[in-house]
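Asker: Each residue of the sequence shown is one higher than the last, beginning at 1 in full-length UniProt numbering.
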Amino acid sequence: MKINEQFPNLNDGKRNPLLARLHERYPLWLDDLGKGDANLYAVSQSIFSYIKLDKNFYHSLMKNKEDDYIFLSLIKNIKKFCNGIIIEGIQDYPEYEYLKRCGVDGAQGHLYPTYQLDNLPTLSE
Numbered sequence: 001m002k003i004n005e006q007f008p009n010l011n012d013g014k015r016n017p018l019l020a021r022l023h024e025r026y027p028l029w030l031d032d033l034g035k036g037d038a039n040l041y042a043v044s045q046s047i048f049s050y051i052k053l054d055k056n057f058y059h060s061l062m063k064n065k066e067d068d069y070i071f072l073s074l075i076k077n078i079k080k081f082c083n084g085i086i087i088e089g090i091q092d093y094p095e096y097e098y099l100k101r102c103g104v105d106g107a108q109g110h111l112y113p114t115y116q117l118d119n120l121p122t123l124s125e
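1. Do you know how far the Cα of Tyr50 is from the Cα of Asn39?
2. Shortest alpha-carbon distance to Gly109 belongs to which of Ala20, Ile47 and Gln91?
3. According to DSSP, what are the bridge partners of Asn4?
4. Checking the sheet assignment: what are the DSSP bridge partners for Pro52?
5. Could you tell me whether the segment 29-48 touches the segment 89-105, where touching means 3 or more Cβ pairs closer than 8 Å?
6. Taking Cβ to Cβ, would you say Ile3 is nearer than 8 Å to Leu53?
7. Would you kindly work out how many angstroms separate the C-alpha atoms of Ile75 and Lys14, rounded to a whole number?
8. Helix or strand or just coil, what does DSSP make of Ala20?
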């Protein structure tokens with residue numbers, strides 16, 4: 001089950017009765033971390049299977065490559081509390097390769113072309 005930073009009282013972590021019950025019953029994914037509505041306390045409660053960083057947050061972190069250590073530290077520390085991290089807003093293959101080297105587990109973005117269902121290329125064996 002995917003929730004985002006708008007989830008009521010997300011910052012209470014396991015002290016939030018609804019969030020605690022959902023965590024007991026379902027694998028939870030946190031969407032759009034870094035959008036600005038949550039702190040890292042809920043992340044530190046190890047209640048999310050996967051955490052996806054907000055694309056604007058990710059892009060702001062990557063503006064200055066000299067601050068690479070901040071991004072690497074963030075990834076390393078978040079991974080202590082979940083099964084994996086997904087980055088939203090990936091634009092090209094070199095960026096994807098860089099994120100793999102950083103320990104990111106998944107990517108979402110415009111790496112591959114979009115096709116209408118009727119126009120999908122056929123796969124040959």
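Virtual Cβ for every residue (Gly too), placed ideally from N, Cα, C.
None of these values were measured; they are calculated from a predicted model.
Answerer: Working from what's here:
1. Locating residue 39 in the sequence shown gives position 39, counting from the first residue. Locating residue 50 in the sequence shown gives position 50, counting from the first residue. Each residue's alpha carbon lies about 16 Å from the other.
2. Within the sequence shown, the letter at position 109 stands for residue 109. Nearest C-alpha to Gly109: Gln91.
3. Walking along the sequence shown from the start, residue 4 turns up at place 4. DSSP, once it has assigned bridges, lists Asp31 as partnering Asn4.
4. Taking the first residue of the sequence shown as position 1, residue 52 is located at position 52. The residue asked about is misnamed: residue 52 is Lys in this sequence, not Pro. DSSP, once it has assigned bridges, lists Ile86 as partnering Lys52.
5. no
6. Here residue 3 is taken as the residue at index 3 of the sequence shown, counted from 1. Here residue 53 is taken as the residue at index 53 of the sequence shown, counted from 1. Cβ atoms of Ile3 and Leu53: not closer than 8 Å.
7. The count along the sequence shown starts at 1 and reaches residue 75 at position 75. The count along the sequence shown starts at 1 and reaches residue 14 at position 14. For Ile75 and Lys14, the distance between alpha carbons rounds to 22 Å.
8. Against the sequence shown, residue 20 aligns to sequence position 20. Here Ala20 sits in helix by DSSP.
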